[in-house]
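J.: I am attaching a structure below and will ask some questions about it afterwards.
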Amino acid sequence: MPVIEVTDLRKSYGGRPVVDGVSFTVEEGEIFGILGPNGAGKTTTVECVEGLRVPDAGRVRVAGLDPVADHEEVTRVLGAQLQRSELQDALTVREALELYSSFHPRPADWRPLAERLGLAPKLTTRFGRLSGGQKQRLFIALALVGDPRVVVLDELTTGLDPRARRDTWQLIEDIRANGVTVLLVTHFMEEAQRLCDRIAVIDKGRVAALDTPAGLVRRSTGATVISFTPSAPLDEDEVNALPGLVSVEHRGRRITLSGTDETVDAVITLLARTRVTAHQLRVTDATLDDAFLDLTGRPGPNEEVTA
Amino acid sequence: MTAAVFNTAVLRTEIRLFRREPGHLFWILLFPALLLAVLGAVPFFRTPDPALGGLRPVDAYVPVAVLLGLILGGLQGMPQTLTGYRERGILRRMSTTPVRPSALLTAQMLVFGGAALLSALIALTTGRLVYGVRLPRHPFGYLLALLTAVLAVLALGAVISALSRTARIAGAVGSAVTFPAMFCAGVWLPVQAMPDPWARIAGWTPFGAAARALDAAAAGDWPGWDHLGVPVVWTVVLTAAASRWFRWE
Ligand SMILES: Nc1ncnc2c1ncn2[C@@H]1O[C@H](COP(=O)(O)OP(=O)(O)O)[C@@H](O)[C@H]1O
Ligand SMILES: [Mg+2]
Numbered sequence: 405m406p407v408i409e410v411t412d413l414r415k416s417y418g419g420r421p422v423v424d425g426v427s428f429t430v431e432e433g434e435i436f437g438i439l440g441p442n443g444a445g446k447t448t449t450v451e452c453v454e455g456l457r458v459p460d461a462g463r464v465r466v467a468g469l470d471p472v473a474d475h476e477e478v479t480r481v482l483g484a485q486l487q488r489s490e491l492q493d494a495l496t497v498r499e500a501l502e503l504y505s506s507f508h509p510r511p512a513d514w515r516p517l518a519e520r521l522g523l524a525p526k527l528t529t530r531f532g533r534l535s536g537g538q539k540q541r542l543f544i545a546l547a548l549v550g551d552p553r554v555v556v557l558d559e560l561t562t563g564l565d566p567r568a569r570r571d572t573w574q575l576i577e578d579i580r581a582n583g584v585t586v587l588l589v590t591h592f593m594e595e596a597q598r599l600c601d602r603i604a605v606i607d608k609g610r611v612a613a614l615d616t617p618a619g620l621v622r623r624s625t626g627a628t629v630i631s632f633t634p635s636a637p638l639d640e641d642e643v644n645a646l647p648g649l650v651s652v653e654h655r656g657r658r659i660t661l662s663g664t665d666e667t668v669d670a671v672i673t674l675l676a677r678t679r680v681t682a683h684q685l686r687v688t689d690a691t692l693d694d695a696f697l698d699l700t701g702r703p704g705p706n707e708e709v710t711a
Numbered sequence: 006m007t008a009a010v011f012n013t014a015v016l017r018t019e020i021r022l023f024r025r026e027p028g029h030l031f032w033i034l035l036f037p038a039l040l041l042a043v044l045g046a047v048p049f050f051r052t053p054d055p056a057l058g059g060l061r062p063v064d065a066y067v068p069v070a071v072l073l074g075l076i077l078g079g080l081q082g083m084p085q086t087l088t089g090y091r092e093r094g095i096l097r098r099m100s101t102t103p104v105r106p107s108a109l110l111t112a113q114m115l116v117f118g119g120a121a122l123l124s125a126l127i128a129l130t131t132g133r134l135v136y137g138v139r140l141p142r143h144p145f146g147y148l149l150a151l152l153t154a155v156l157a158v159l160a161l162g163a164v165i166s167a168l169s170r171t172a173r174i175a176g177a178v179g180s181a182v183t184f185p186a187m188f189c190a191g192v193w194l195p196v197q198a199m200p201d202p203w204a205r206i207a208g209w210t211p212f213g214a215a216a217r218a219l220d221a222a223a224a225g226d227w228p229g230w231d232h233l234g235v236p237v238v239w240t241v242v243l244t245a246a247a248s249r250w251f252r253w254e
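Line order of the protein sequences matches chains A and B.
For what it's worth, this note's numbering labels the leading residue of the first sequence as 405, then goes sequentially.
For what it's worth, this note's numbering labels the leading residue of the second sequence as 6, then goes sequentially.
Below, the structure is given as structure tokens:
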């Protein structure tokens, strides 16, 4: 039975649909990603799952419970890290961890959690004095401190340095190994690719695609990229007639083709037949970035700015 | 499963945070007693005044100092803290846990209500020890008057929090309400000495009514249901307004 069910979810602000018929299900123990450009409606969607926003229409269930009507019960099974929130400035890390674990009937031990998130040396530091990354790690700890069955993480690693990001990814994989279901909102391709079992790509409030990371890549139109520098010019017409070809790009003498496996075979045949040698031949699979570009018409917002 | 509006751990945390805020400690707990001490040092304040029924101004000023701590905490401290909690998503963060954010609202009321009572105790002690002001001769009436005033001021503070979108706005609205409240409580002129239209108008506010009730109880009289009733009516009306308009995010 799925742990999270979202069916035809809709939410408008000021008459403008922000979430426009989103449906997906998340299975027990799955890491499910929601990927999409800024303003796509990702946060609105997961905050409906958390019961923080009331949907205009559609059905949301978490462990069979309605997050709005059964809000309290849902908070016992679901831990959340919000995209934007703060704590009282004068509260120390230790006090925050103790306070939030006291809210839960059977909390996890916060000490190892703080240790794993690198917060151990900061336990007596006040929230207001923490760096952005430290605050973020504290919020991840607070999402996990109730020992939830489901955890929703919105922009998990924003503001973390690469090292802390990798540690956090490992932590997420570990909690999943313990059977926790993870709903992860992200705009980092690398994060989605590394962590997620399945990904819903959301664009303009709709699910543009829902598949495994590999499935999304396979679906992208130019799934395979072939590039080489031919020893002699190739006949334009013959190149354009290659089966499965999506695009051709010339840069100086170098030529880059994107297409399918079929295109690769045909290029090799063409080169052999015309006795042209291909220097520095490279054949690569498209990445999630390419798939994202195809689906949303925008480059993946991967070029991160470190906060 | 009951939606808990009270949580001991939240209350303990809010008490701790209150103690870490020097502004609160000074303005709410110390300032009223300090003002009393400074004013009492002026010889005029220690001269019995027929307009005050033979009391010295410093005697008449103790209830004023008692109300001052309450006003500063309830109309400045609490609304700004609470609005800041909402503005910064702290209430929302708490909504994702089994504890309701209303626990934070309750804790804030208890903390600032408790601080007001403590401040009153400090002002009374200062008056007694420094200037020999008699302690209230009707202690039960005094306590009752103080409690009704605390409730009314906290309810007004809650309305300010409900109507202010940001902590800055809450600060501005709080100040705008604080000055008339201080006037009615008798900070510039004790209510007993106010000329008639002013005295009557002030008497309809929770602050003026509370000042009268405290004066009566200090002198050893029962504060009277009219002076006790005014803050109670205000409390009921303001609480209804606050719960109607309060937004958690
Ligand atoms: N409370 C709100 N009021 C008005 N507009 C909102 C509100 N929340 C979100 N929006 C709008 O909805 C759109 C989607 O927002 P959001 O769900 O935060 O997107 P994402 O998380 O994918 O970046 C944005 O254009 C945002 O401005
Ligand atoms: Mg978002």
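Ideal placement from N, C-alpha and C gives every residue a C-beta, glycine not left out.
Since we're looking at a predicted model, the values are computed, not measured.
1. Kindly list, in the order they appear in chain B, the residues whose Cβ is closer than 7 Å to that of A/T479.
2. Please state the DSSP three-state secondary structure of A/K725.
3. Can you tell me the Cβ-Cβ gap for A/I606 and A/G440, rounded? I've got them flagged as a contact below 8 Å.
4. Compute the Euclidean distance between the alpha carbons of A/Q574 and A/R567, then round it to the nearest angstrom.
5. For chain A, is any of its Cβ atoms less than 9 Å away from the one on B/T18?
6. Using the three-state DSSP reduction, which class does A/P634 fall into: helix, strand or coil?
7. Could you pull the start and end residues of the beta strand (DSSP E) that B/D261 belongs to?
8. At the level of alpha carbons, what is the spacing between A/P634 and A/T688?
9. Taking DSSP as the reference, what is the three-state secondary structure of A/T710?
10. Compute the Euclidean distance between the alpha carbons of B/L168 and A/D578, then round it to the nearest angstrom.
11. Beta carbon of A/D558: closer than 8 Å to some heavy atom of ligand 1?
12. Here's a check: name, in chain order, each residue in its chain whose Cβ is nearer than 6 Å to the Cβ of A/R520, leaving out the five neighbours to either side.
13. Closer than 9 Å, CB to CB, is A/L501 near chain B or not?
14. Checking contacts by CB at 9 Å: is B/R1 closer than that to chain A?
15. Output the distance between the C-alpha atoms of A/V468 and A/V410, rounded to the nearest integer angstrom.
16. Mind pulling the chain B residues with CB within less than 8 Å of A/H508?
17. Leaving out the 5 sequence neighbours to the left and right, which residues in its chain are closer than 7 Å to B/A207 when beta-carbon positions are compared?
18. Does the pairing of the region 522–541 of chain A with the region 48–65 of chain B give three or more beta-carbon distances under 8 Å?
19. Quick check on the burial criterion: 16 or more other C-beta atoms within 10 angstroms. Buried or exposed for A/Y417?
20. Taking just the CA atoms, how far does B/G225 sit from B/V182?
21. State yes or no: is the C-beta of B/F31 within less than 9 Å of the C-beta of B/V116?
22. Taking B/A14 as the query, report the chain A residues whose CB atoms sit under 7 Å from its CB, ordered along the chain.
23. Just tell me which of B/V67, B/L149 and B/V71 has its CA closest to the CA of B/L233.
24. With 16 other CB atoms within 10 Å as the buried threshold, where does A/M593 fall?
25. Is A/V589 near ligand 3, going by C-beta to nearest heavy atom under 8 Å?
26. Look at B/P211 and B/W230 and say whether their C-beta atoms are less than 9 Å apart.
27. Taking C-alpha atoms, which residue in B/N12, B/P236, B/D220 and B/L151 lies nearest to B/T102?
28. Check the Cβ-Cβ distances between A/Q574 and every residue of chain B, and say whether any is below 9 Å.
29. Using DSSP's beta-bridge definition, name the partner residues of B/Y136.
30. Any beta carbon from chain B within less than 9 Å of A/Q492's own beta carbon?
31. Below 9 Å on C-beta distance, what does A/G550 contact in chain B?
32. Say yes only if the C-beta of A/K446 is nearer than 8 Å to one or more non-hydrogen atoms of ligand 2, and no if none qualify.
33. Please report the distance separating the alpha-carbon of A/G656 from that of A/T664.
34. Is the region 420–437 of chain A close to the region 611–618 of chain A, with three or more CB pairs under 8 Å?
35. Compare the C-beta of A/G609 with all C-beta atoms of chain B and state if any pair is closer than 9 Å.
36. Measure the alpha-carbon distance for B/V15 versus B/L134 and round it to whole angstroms.
T.: Result, derived from the coordinates:
1. T101, T102 and P103
2. What is shown of chain A runs 405 to 711, which leaves residue 725 of chain A out entirely.
3. 4 Å
4. 11 Å
5. yes
6. strand
7. Any question about residue 261 of chain B goes unanswered here, given that chain B covers just 6 to 254.
8. 18 Å
9. Note that A/T710 scores a pLDDT of 37, beneath 50, so its modelled location is shaky; the value from the coordinates is reported in the next line. Coil, per DSSP.
10. 45 Å
11. yes
12. L575
13. no
14. Residue 1 of chain B lies beyond the residue range present for chain B, which begins at 6 and ends at 254; the question has no answer from this structure.
15. A quick correction: the sequence has Gly, not Val, at residue 468 of chain A. Roughly 11 Å between the two C-alpha positions.
16. T102 and P103
17. C189, V196, M199 and G213
18. no
19. exposed
20. 31 Å
21. no
22. L503 and S506
23. B/L149
24. buried
25. In the structure on display, ligand 3 does not appear, and the ligands it does have are ligand 1 and ligand 2.
26. no
27. B/N12
28. no
29. Answer by DSSP bridge pairing: none, since B/Y136 is not bridged.
30. yes
31. T102 and P103
32. yes
33. 24 Å
34. yes
35. no
36. 36 Å
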